[in-house]
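The next block holds one structure in the form of structure tokens; read it before the comments.
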Amino acid sequence: METKDRPVRTRFAPSPTGYMHIGNLRTALYGYLFAKKEGGKFVLRLEDTDAKRYVADAVQIIYDTLRDAGIAYDEGPDVGGPCGPYVQSERAAIYKQYAEELVRRGGAYYCFCDKERLESLKDENGVGRYDKHCLRLSEEEVREKLAAGVPYVIRQNVPETGSGSYEDLVYGTVTVDFKDIEDGVLLKSDGMPTYNFANVVDDHLMGITHVIRGSEYLSSTPKYNLMYDAFGWERPQYVHLPPIMKNAHEKLSKRNGDASYQDLVEKGYVREAIVNYIALLGWSPKDNREKMTLRELEESFSLAGINKSPAIFDEPKLRWLSGEYIKEMDDEEFARRARPFLQQSKAYGKYDEAKLLRLLKTRVEIFSEIPAKIDFLEEYGPIDPALYFNKKMKSDAEVAETVLPLAEECLKKVETFENAAVYAALVALAQERGMKNGQVLWCVRIALTGRENTPGGASEMAELLGRERTLARLQEALSQLQKA
RNA sequence: GGCCUCAUGGUCAAGCGGUUAAGACGUCGCCCUCUCACGGCGAAAACCGGGGUUCGAGUCCCCGUGGGGCUACCA
């Protein structure tokens, strides 16, 4: 049966060595989206064959991140499925059995060479290939060494001539000469398989039709194909993905301290926006839409839209997208998500929350901006006179000095101290005095908040603060100006 | 070093032999009952270089340059 006729099965196969990188998450996302789009299954498999790299909690982080991002897998370690176990360390016996079969089929061989001999094969630059020394061992010699308990590995037997090529669904034809491929270790001396072997065995056993993974495997794929062929298994389709970069030279990685999915969530980016954004890094839909929900992505995803070149992660654009999601939220949803960040502010609980949130909603792109946006309500100190300067409003500290006392008098008389009334009073004041509205409003806003940017205009800030504090702050601001 | 691979504005990214080379983010400007924003409108900004092929090349081929990857008993 041809791959294209089989029901689509994709997999995400991370190794639990730490946090979920954005690049990893995108690989998972594409595997998920492709499976959904094709009505197939998406499998999670843990590649933990390297005991040295094991990191506690990493497995849980993988589960949590995928769940949080909405990337649901049909089969996996914690959800089960017909092809388990889905954790490679629990499949050691399987790999050993297949490795031995590959030896019988001539695709691999036992190797007893020790570290010293291997080292001696390398040149001054540390490069050197294995010389197939143990391939020449007779069957009896191998049996004897095995019986004597000599440590061994099983190596792939790569032809010395010829070449292997395949059709990558993103990159097109990829060809590698076999002479450039080393007889790599398939089964380590600790009995565990290497990635190179385990991924082939598992992808076959788990019926994976489309292998979606990073482009670092582009040039090693021919050697995997050699194994599929030696076993007589059907090769899967390959979809290699370009990396996500932090800049033109470095890949995005946790090791460099770059943001992981969790970090971004903690920074207050809207989750859906993160998923949406990373979907767009390396892929674009036919219609070039940018803001898309997971469901919409599932609808429009196609391999044809995948790019070949690396994409640089651009936080400002993610920020914008996050803001778009926020503006679309209904008030209840916004309140629910914003509340944890609201609680980080000194102003929390002291003001009408609904009023605060209404002001914040169109002025915030990521939730973590919230505390700093409203801290002025509780923090009021010396005001830099330069803030009163605004070219367009024709305002400066001098203007403020005349405006502030007038505003104070004027606001004393406002009956109901709320936005519209305060606004009307201030505008009337400006007219009466032959000033521009902006001169009054700008100066009052600065005097009230001490900030150049605030989550609302002068009258809205006054309403939040209330009459008493508004008048007190106007007075304080004025005395500061007079001293200066 | 060898091999694989990539190359459109600052960033993402359309384009798939004939276009005034889209769009988005960011930047700047203007407008919005002359307050912060939201929003609207607009501007600046790109086909890495050199050879081919072709009536015609960002699009195809070759070389160069630059980037990324692989070259582990890591994945």
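Residues in the first sequence are numbered from 349 upward in steps of one, following my numbering. Every residue, glycine too, gets a C-beta built ideally from N, C-alpha and C. Remember, it's a predicted structure, so these values are computed and weren't measured experimentally.
message: Closest to A456 by C-alpha separation, out of L483, S601 and Y609, would be which residue?
response: Here residue 456 refers to the residue found at position 108 when the first sequence is read from its first residue. Out of L483, S601 and Y609, L483 has the C-alpha closest to the C-alpha of A456.
Close Cβ partners of N544 (< 6 Å) along its chain, the five nearest in sequence each way excluded: Here residue 544 refers to the residue found at position 196 of the first sequence. Counting only Cβ-Cβ distances below 6 Å, and skipping sequence neighbours, we find G532.
message: If distances are taken between C-alpha atoms only, which option among E395, E614, V391 and L485 comes closest to I556?
response: In the first sequence, residue 556 corresponds to position 208, counting from 1. Here the closest residue by C-alpha is V391.
- prompt: So, using beta-carbon positions, are E646 and K385 closer together than 8 Å?
  reply: Residue numbering aside, residue 646 sits at position 298 when the first sequence is read from its first letter. Residue numbering aside, residue 385 sits at position 37 when the first sequence is read from its first letter. Yes. Within cutoff.
task: Identify, in the order they occur along the chain, each residue of the same chain with its Cβ nearer than 7 Å to the Cβ of V770, setting aside the five sequence neighbours on each side.
output: On the first sequence, residue 770 is found 422 positions in, with the first residue counted as 1. Closer than 7 Å at Cβ, skipping near neighbours: L759, V762, S807, A810 and E811.
message: Assess contact between the stretch 444-453 and the stretch 396-416, defined as three or more Cβ pairs (one per stretch) separated by less than 8 Å. Is contact present?
response: no
task: Indicate the three-state DSSP secondary structure (helix, strand or coil) for M349 in the structure shown.
output: Your numbering for residue 349 matches position 1 in the first sequence. Its pLDDT being 47, under 50, M349 is placed unreliably by the model, and nothing is read from it.
task: Can you check the stretch 745-802 for any alpha helix (DSSP H) of at least 4 residues that lies completely inside it and give the ranges in chain order?
output: 745-760, 767-781 and 785-797
Cβ-Cβ separation, A686 to F724 (assumed contact under 8 Å), whole Å: Counting from one through the first sequence, the residue named residue 724 turns up at place 376. Counting from one through the first sequence, the residue named residue 686 turns up at place 338. Their Cβ separation, rounded to whole angstroms, is 18 Å, which puts F724 and A686 out of contact at 8 Å.
query: R359 and M554 look like a contact to me (Cβ under 8 Å); what is the Cβ gap, rounded to whole Å?
result: Within the first sequence, the letter at position 11 stands for residue 359. Within the first sequence, the letter at position 206 stands for residue 554. Contact flag correct, Cβ pair sits at about 7 Å.
Span separating the alpha-carbon of W491 from that of L414: Counted from its first residue, the first sequence places residue 491 at position 143. Counted from its first residue, the first sequence places residue 414 at position 66. Position check: residue 491 holds Arg in this sequence, whereas Trp was assumed. Distance between the alpha carbons of R491 and L414 is about 47 Å.
- request: Just the C-alpha distance for K709 and K675, rounded to the nearest angstrom, thanks.
  value: Your numbering for residue 709 matches position 361 in the first sequence. Your numbering for residue 675 matches position 327 in the first sequence. Their Cα atoms are separated by approximately 6 Å.
task: Using alpha carbons as the reference points, say which of D551, Q585 and M640 lies closest to N624.
output: If you number the first sequence from 1, residue 624 lands on position 276. Among D551, Q585 and M640, the Cα nearest to that of N624 belongs to M640.
query: Secondary structure at E386, three-state DSSP: helix, strand or coil?
result: Within the first sequence, numbered from 1, the residue matching residue 386 stands at position 38. Here E386 sits in coil by DSSP.
task: Identify the continuous alpha helix (DSSP H) that holds G512 and give its terminal residues.
output: If you number the first sequence from 1, residue 512 lands on position 164. No alpha helix (DSSP H) contains G512, which is instead part of the beta strand (DSSP E) from S511 to D516.
query: Does DSSP put N624 in a helix, a strand or coil?
result: The sequence position of residue 624 within the first sequence is 276, counting from 1. Helix at N624.
Residue interval of the alpha helix (DSSP H) (run including I409): Along the first sequence, read from residue 1 onward, the residue named residue 409 stands at position 61. Note, I409: alpha helix (DSSP H), A406 to A417.
- request: Quick one: using the 10 Å Cβ neighbour count with 16 as the cut-off for buried, is L612 buried or exposed?
  value: Locating residue 612 in the first sequence gives position 264, counting from the first residue. Burial call: buried.
message: Whole angstroms are fine: how far does the CA of R561 sit from the CA of A546?
response: Here residue 546 is taken as the residue at index 198 of the first sequence, counted from 1. Here residue 561 is taken as the residue at index 213 of the first sequence, counted from 1. Approximately 15 Å between the Cα atoms of the pair.
message: Using C-beta distances below 6 Å, list every residue in its chain close to E726, excluding the 5 sequence neighbours before and after it, in chain order.
response: Here residue 726 refers to the residue found at position 378 when the first sequence is read from its first residue. Cβ within range, chain order: K694 and A695.
- request: Over the uninterrupted alpha helix (DSSP H) stretch that includes F545, give me the two end residues.
  value: Reading the first sequence from its first residue, position 197 is the one you call residue 545. That run of the alpha helix (DSSP H) goes Y543 to L553.
- prompt: Going by the CB atoms, is the gap between P590 and P658 shorter than 8 Å?
  reply: Your numbering for residue 658 matches position 310 in the first sequence. Your numbering for residue 590 matches position 242 in the first sequence. Yes; because the gap between Cβ atoms is below 8 Å, this pair is in contact.
- prompt: For V498, is the classification buried or exposed, using 16 other Cβ atoms within 10 angstroms of its Cβ as the cut-off for buried?
  reply: To locate residue 498, count along the first sequence from 1; it is residue 150. Exposed.
task: Measure from the alpha carbon of G366 to the alpha carbon of each residue in G379, R799 and D412, then state which is nearest.
output: To locate residue 366, count along the first sequence from 1; it is residue 18. For the residues G379, R799 and D412, the minimum Cα distance to G366 belongs to D412.
query: Where does Q585 sit, in a helix, a strand or coil, going by DSSP?
result: As a working note, residue 585 is residue 237 in the first sequence. Reduced to three states, the DSSP call for Q585 is strand.
message: Measuring straight from C-alpha to C-alpha, what distance separates E681 and L707?
response: Position 333 of the first sequence, counted from the first residue, corresponds to residue 681. Position 359 of the first sequence, counted from the first residue, corresponds to residue 707. If you take the alpha carbons of E681 and L707, they lie about 15 Å apart.
field: Element boundaries [beta strand (DSSP E), containing Y457]
entry: The residue given as residue 457 occupies position 109 in the first sequence. Here the beta strand (DSSP E) through Y457 covers A456 to C459.
query: Do the stretch 598-607 and the stretch 363-381 meet, that is, are 3 or more Cβ pairs less than 8 Å apart?
result: yes
- prompt: Looking at C-alpha atoms only, which residue of R393, K571, M677 and E530 is the closest neighbour of G428?
  reply: Within the first sequence, numbered from 1, the residue matching residue 428 stands at position 80. For G428, the nearest C-alpha among the options comes from R393.
message: Mapping the DSSP letters down to three states, classify M368 as helix, strand or coil.
response: Numbered from 1 along the first sequence, position 20 holds the residue referred to as residue 368. The answer is coil: DSSP assigns M368 none of H, G, I, E or B.
- prompt: Given that a residue counts as buried once 16 or more other Cβ atoms are within 10 Å of its Cβ, and exposed if not, what is P364?
  reply: Here residue 364 corresponds to residue number 16 of the first sequence, with the count starting at 1. Counting Cβ neighbours within 10 Å, P364 comes out buried, since at least 16 surround it.
message: In whole angstroms, give me the CA-to-CA distance for E638 and S632.
response: Here the question's residue 638 lines up with position 290 in the first sequence. Here the question's residue 632 lines up with position 284 in the first sequence. Roughly 8 Å separates the two Cα atoms.
- prompt: Can you tell which of S670, N473 and Y421 has the C-alpha that lies nearest to the C-alpha of Y380?
  reply: Along the first sequence, read from residue 1 onward, the residue named residue 380 stands at position 32. Nearest of S670, N473 and Y421 to Y380, Cα basis: Y421.
query: What is the DSSP secondary structure of D538, reduced to helix, strand or coil?
result: Working through the first sequence from its first residue, we reach residue 538 at position 190. DSSP places D538 in coil when its eight states are reduced to three.
message: Using only the alpha-carbon positions, how far apart do A361 and H588 sit?
response: Here residue 361 is taken as the residue at index 13 of the first sequence, counted from 1. Here residue 588 is taken as the residue at index 240 of the first sequence, counted from 1. A361 and H588: Cα-Cα distance of roughly 14 Å.
message: Tell me the DSSP secondary structure of N573 in three-state form.
response: Working through the first sequence from its first residue, we reach residue 573 at position 225. The answer is helix: DSSP assigns N573 an H, G or I state.
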